[in-house]
Amino acid sequence: MREAYHAGLTSISDGLVEIANLVGSATWIISDLLAETGRTEEAVAVLEPHVPTNCGSLVGHLIDLGRVKDTAALLQQRKSEPVASAWTGTLSTAPPL
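Structure below.
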């Protein structure tokens with residue numbers, strides 16, 4: 195299925211970056227498609243507004259561009275607040291059956 199996206203990707207207009215900014219959850223997919231067609235700078239532009247959510251993908255693209263200092267700075271950033279655990283229950287110590 196992914197190959198179908200690649201078939202016409204080189205003809206996609208620069209508006210793809212704007213679309214990616216509107217669809218926050220798809221930014222890593224769009225950035226990977228851009229990077230795979232040689233548009234790594236645009237891939238970075240898609241991801242930068244969504245740090246730290248897409249930190250892993252952004253780091254990879256920055257390394258591909260040789261932006262080592264930017265990569266190191268990104269990896270050294272700490273999240274402002276720790277993410278609260280989704281689990282609020284208690285663990286059972288009883289054997290399972």
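Residue numbers (this note's numbering): 195 to 291. Ideal Cβ placement from N, Cα and C applies to all residues, glycine included.
| request: State yes or no: is the C-beta of Asp258 within less than 8 Å of the C-beta of Thr234? | output: On the sequence shown, position 64 is the one that residue 258 refers to. On the sequence shown, position 40 is the one that residue 234 refers to. Contact flag set, yes.
| Exposure of Trp281, with buried meaning 16 or more beta-carbon neighbours within 10 Å | As a first step, residue 281 is located in the sequence shown; it is residue number 87 there, counting from the start. Exposed, since its Cβ has fewer than 16 Cβ neighbours within 10 Å.
| Does DSSP put Trp281 in a helix, a strand or coil? | Residue numbering aside, residue 281 sits at position 87 when the sequence shown is read from its first letter. In this structure, DSSP gives Trp281 a state outside helix and strand, which the three-state scheme calls coil.
| What is the residue span of the alpha helix (DSSP H) that Gln270 lies within? | Counting from one through the sequence shown, the residue named residue 270 turns up at place 76. First-last of the alpha helix (DSSP H) with Gln270: 262 to 270.
| request: Can you grab the Cα-Cα spacing for the pair Ile223 / Leu285, in whole Å? | output: As a working mapping, residue 223 is identified with position 29 in the sequence shown. As a working mapping, residue 285 is identified with position 91 in the sequence shown. Per the coordinates, the alpha-carbon of Ile223 lies some 36 Å from the alpha-carbon of Leu285.
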